[in-house]
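K.L.:
Per this note's numbering, the very first residue in the sequence shown carries number 10; after that it's consecutive.
The structure is given below, and queries will be raised subsequently.
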Amino acid sequence: MNAGTLRPLRATLSRRRTVLSPARLRADPWRELARLHALPGDVARARAGRTQLAYLKGPGPIEDLLVRRADRLIKVNTITTPRLRRERFSSLGRLLSSDDRTEHLPARKALMPRFSSAASASGLAEVVAVLVAGVVDTLARAGTSDVAELTGPFAVEVIARTVFSDIEFDAQAANSDIADVLAYERLFQPGNVASTPIAERAVGRLMATFLGIAEADSPEASVPAIVKRVAADLDLETAVAARNILVVYAAGIETTAPALTFALAHLAHDHELQEWLHEECREVLGDSPPGAADIDRLPRARAVFAEALRLYPPSWYIARAAAEDVEVGGTPLRAGEIGLICQYHLHRDERFFRRPLEFRPARFLEDEIPRRTYLPFGAGRRQCLGEKLAWAEGTLLVSACSQALELSLDGELPQPQPFASIQPDRAVVVRARRRTA
Ligand code: HEM
Numbered sequence: 010m011n012a013g014t015l016r017p018l019r020a021t022l023s024r025r026r027t028v029l030s031p032a033r034l035r036a037d038p039w040r041e042l043a044r045l046h047a048l049p050g051d052v053a054r055a056r057a058g059r060t061q062l063a064y065l066k067g068p069g070p071i072e073d074l075l076v077r078r079a080d081r082l083i084k085v086n087t088i089t090t091p092r093l094r095r096e097r098f099s100s101l102g103r104l105l106s107s108d109d110r111t112e113h114l115p116a117r118k119a120l121m122p123r124f125s126s127a128a129s130a131s132g133l134a135e136v137v138a139v140l141v142a143g144v145v146d147t148l149a150r151a152g153t154s155d156v157a158e159l160t161g162p163f164a165v166e167v168i169a170r171t172v173f174s175d176i177e178f179d180a181q182a183a184n185s186d187i188a189d190v191l192a193y194e195r196l197f198q199p200g201n202v203a204s205t206p207i208a209e210r211a212v213g214r215l216m217a218t219f220l221g222i223a224e225a226d227s228p229e230a231s232v233p234a235i236v237k238r239v240a241a242d243l244d245l246e247t248a249v250a251a252r253n254i255l256v257v258y259a260a261g262i263e264t265t266a267p268a269l270t271f272a273l274a275h276l277a278h279d280h281e282l283q284e285w286l287h288e289e290c291r292e293v294l295g296d297s298p299p300g301a302a303d304i305d306r307l308p309r310a311r312a313v314f315a316e317a318l319r320l321y322p323p324s325w326y327i328a329r330a331a332a333e334d335v336e337v338g339g340t341p342l343r344a345g346e347i348g349l350i351c352q353y354h355l356h357r358d359e360r361f362f363r364r365p366l367e368f369r370p371a372r373f374l375e376d377e378i379p380r381r382t383y384l385p386f387g388a389g390r391r392q393c394l395g396e397k398l399a400w401a402e403g404t405l406l407v408s409a410c411s412q413a414l415e416l417s418l419d420g421e422l423p424q425p426q427p428f429a430s431i432q433p434d435r436a437v438v439v440r441a442r443r444r445t446a
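Put into structure tokens, the structure is as follows:
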């Protein structure tokens, strides 16, 4: 195509772009993105400030972005694009967070067996089952609990005691620092995280903690040891290893914890749902608490967690920048333009989900859900590494609570809020009583 034909094409394309407000995207991203989601077709072109966007809301374009054309796209955490510079796009830098295949792929390959091999996954699930029993016990003994105060520490313990192999560090303090940093994350903000004194101090403490972890000896099978080995093979500094250990740690907590909170809120809110699950527990488990071997035998409990991930997908958007000109869903993305998927809207789209705003876990047992329209864990070569672990946490916790407890919710269901991960807008206070039979 020569410059003469390109100019009119550019003009036509830019005329068809919806103009979004960067300020509104920062303040209320779901509302601003809803304008794109409401447009006809599977791709909506938009402009926000200097950023050119293709907003993808159908299976074909999504498959292109995450799978078929993934090699020509770069993972980004923000949709602000100053200029196409590979190193500026990569939000956290190198190794697992990088888009350079010589760095990302070895890190991913080395970590994968720790999360997903059958032997490792079942070992991890056994630890999860023990921790789940502890949560049930705490709920029963406390009588009334703020659920987030249980799910947060539970998610931390799971990561610390499984893939971090019980190495010594103050995991709960690190988690509260991560929460301080992520509270300032915004979709449409250079670098994603606002530089505030609170966030800066938290980052300083986190780097000191994770540098300490990267410098210390750790068990061979632990995430820190695996990441260190890959970093050493690639001749990368310890600080790079430390940042990547932190990435794995944070990825497993700020996602799982809110998903569990929403799942338990719905459970406590809906007595019939509890009975439906309790029936499954009676049939499958009898009187024994759920263990690692039961995870695949509890489809109702899994469906409840799946439904929480549908309505409240913790990772609520995925963004990629075109590294070169590329076509996505029949739409050209020029180098530097952004392809954006918003799972929050996608999962609430009535083209793919019947009565989408209802919390109806049975849809996962009865309805056909089109491929690439349900994406809580992403897809393709950046798909979540911790997915199996997260399913173990969700299925076992939902099941164990329904087996042993009668729950009721104080007040209204929480509403989701778009922070770095989706968070409930209020405390979820639940009353729990041990079942007698
Ligand atoms: C409900 C819980 C979770 C959700 C919803 C979730 C969601 C996601 C999503 C959507 C991605 C891909 C992002 C993209 O393509 O840009 C991702 C990546 C990742 N997740 Fe999870 N995640 C969860 C739990 C976990 C757990 C428990 C871990 C374990 C520590 C974990 C570790 C990771 C890692 C390391 C990546 C990066 C993979 C790569 O880039 O190759 N996640 N997660």
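By construction, the Cβ of each residue, glycine as well, lies at the ideal position given by its N, Cα and C atoms.
Just so it is clear, the structure is predicted and the values come from calculations on it, not from any experiment.
According to DSSP, simplified to helix, strand and coil, what is Leu82?
P.N.:
Look at Leu82 here: in three-state DSSP terms it is strand.
K.L.:
First and last residue of the beta strand (DSSP E) that includes Ser185?
P.N.:
Note, Ser185: premise wrong, no beta strand (DSSP E); alpha helix (DSSP H) at 180–191.
K.L.:
Does Ile88 pass the burial test, meaning 16 or more other C-beta atoms within 10 Å, or should it be called exposed?
P.N.:
buried
K.L.:
Between which two residues does the beta strand (DSSP E) carrying Gln432 extend?
P.N.:
431–433
K.L.:
Kindly identify the DSSP beta-bridge partner or partners of Val28.
P.N.:
Answer by DSSP bridge pairing, in chain order: Arg56.
K.L.:
Under the criterion of a Cβ to heavy atom distance below 7 Å, does Arg391 qualify as lining ligand 1?
P.N.:
Distances between the C-beta of Arg391 and the heavy atoms of ligand 1 include at least one below 7 Å.
K.L.:
Could you check which residue in Arg25, Thr147, Ser125 has the C-alpha nearest to that of Gln392?
P.N.:
Ser125
K.L.:
Near Glu375, which residues of its chain fall below 6 Å by C-beta distance, leaving aside the five closest residues on each side in sequence?
P.N.:
none
K.L.:
With a 10 Å radius around its C-beta and 16 neighbouring C-beta atoms as the bar for buried, classify Asp186 as buried or exposed.
P.N.:
buried
K.L.:
Any idea what DSSP makes of Ile176, helix, strand or coil?
P.N.:
coil
K.L.:
For Lys118, count the other beta carbons within 10 Å of its own beta carbon; 16 or more makes it buried, fewer makes it exposed. Which is it?
P.N.:
exposed
K.L.:
Hey, out of Asn86, Glu229, Leu215, whose CA is closest to Ala251's CA?
P.N.:
Leu215
K.L.:
Of the choices Leu416, Arg360, Leu320, Leu65, whose alpha-carbon is the least far from that of Arg369?
P.N.:
Leu320
K.L.:
Does the beta carbon of Ile235 fall short of 7 Å from some heavy atom of ligand 1?
P.N.:
Ile235 has its Cβ no nearer than 7 Å to any heavy atom of ligand 1.
K.L.:
Roughly how many whole angstroms lie between the Cα atoms of Leu475 and Val438?
P.N.:
Residue 475 is absent from the structure shown; the chain starts at 10 and stops at 446.
K.L.:
Could you tell me which of Glu194, Arg56, Ile222 sits nearest to Glu209, measuring between CA atoms?
P.N.:
Glu194
K.L.:
Quick one: what does DSSP say Ala20 is sitting in, helix, strand or coil?
P.N.:
With a pLDDT of 42 at Ala20, under the threshold of 50, the modelled position of this residue cannot be trusted; read the value that follows with caution. In this structure, Ala20 counts as helix in the three-state DSSP scheme.
K.L.:
Using 7 Å as the cut-off, classify the Cβ of Gly132 as near or not near the heavy atoms of ligand 1, replying yes or no.
P.N.:
no
K.L.:
In this structure, how does DSSP classify Val438 when only helix, strand and coil are distinguished?
P.N.:
strand
K.L.:
Quick one: grab the DSSP three-state call for Gly348.
P.N.:
strand
K.L.:
On the three-pair Cβ rule with 8 Å, is the segment 173–191 touching the segment 269–287?
P.N.:
no
K.L.:
Tell me whether Pro365 sits in a helix, a strand or coil according to DSSP, three-state version.
P.N.:
coil
K.L.:
Can you name the start and end residues of the alpha helix (DSSP H) that Arg110 belongs to?
P.N.:
110–125
K.L.:
Could you tell me the distance, in whole angstroms, from the CA atom of Gly387 to the CA atom of Leu416?
P.N.:
32 Å
K.L.:
Hey, would you say Leu133 sits closer than 8 Å to Ala401, going by beta carbons?
P.N.:
yes
K.L.:
Can you tell me whether DSSP reads Ser297 as helix, strand or coil?
P.N.:
coil
K.L.:
Pick helix, strand or coil for Gln198, following the three-state DSSP scheme.
P.N.:
coil
K.L.:
Going by C-alpha to C-alpha distance, which of Phe173, Val85, Val257 sits closest to Ser231?
P.N.:
Phe173
K.L.:
Below 8 Å between beta carbons: does that hold for Leu422 and Ala268?
P.N.:
no
K.L.:
Checking 8 Å against the spacing of the C-beta atoms, do Arg81 and Ala330 come in under that value?
P.N.:
No, the pair does not count as a contact, with Cβ atoms beyond the cut-off.
K.L.:
Nearest to Arg56 by alpha carbon, out of Arg390, Arg357, Leu342?
P.N.:
Leu342
K.L.:
Going by other Cβ atoms of all chains shown within 10 Å of its Cβ, with 16 needed for buried, is Thr153 buried or exposed?
P.N.:
exposed
K.L.:
For Leu276 and Ala63, what's the separation of their Cα atoms in angstroms?
P.N.:
37 Å
K.L.:
Tell me the rounded alpha-carbon separation between Ala180 and Arg360.
P.N.:
Here the C-alpha atom of Ala180 lies approximately 42 Å from the C-alpha atom of Arg360.
K.L.:
Closer than 7 Å by C-beta to Val212: which residues in its own chain qualify, once you throw out the five before and the five after it? Chain order, please.
P.N.:
Val190
K.L.:
Name the DSSP bridge partner or partners of Arg341?
P.N.:
This sequence places Pro at residue 341; Arg is not what is there. Answer by DSSP bridge pairing, in chain order: Glu336.
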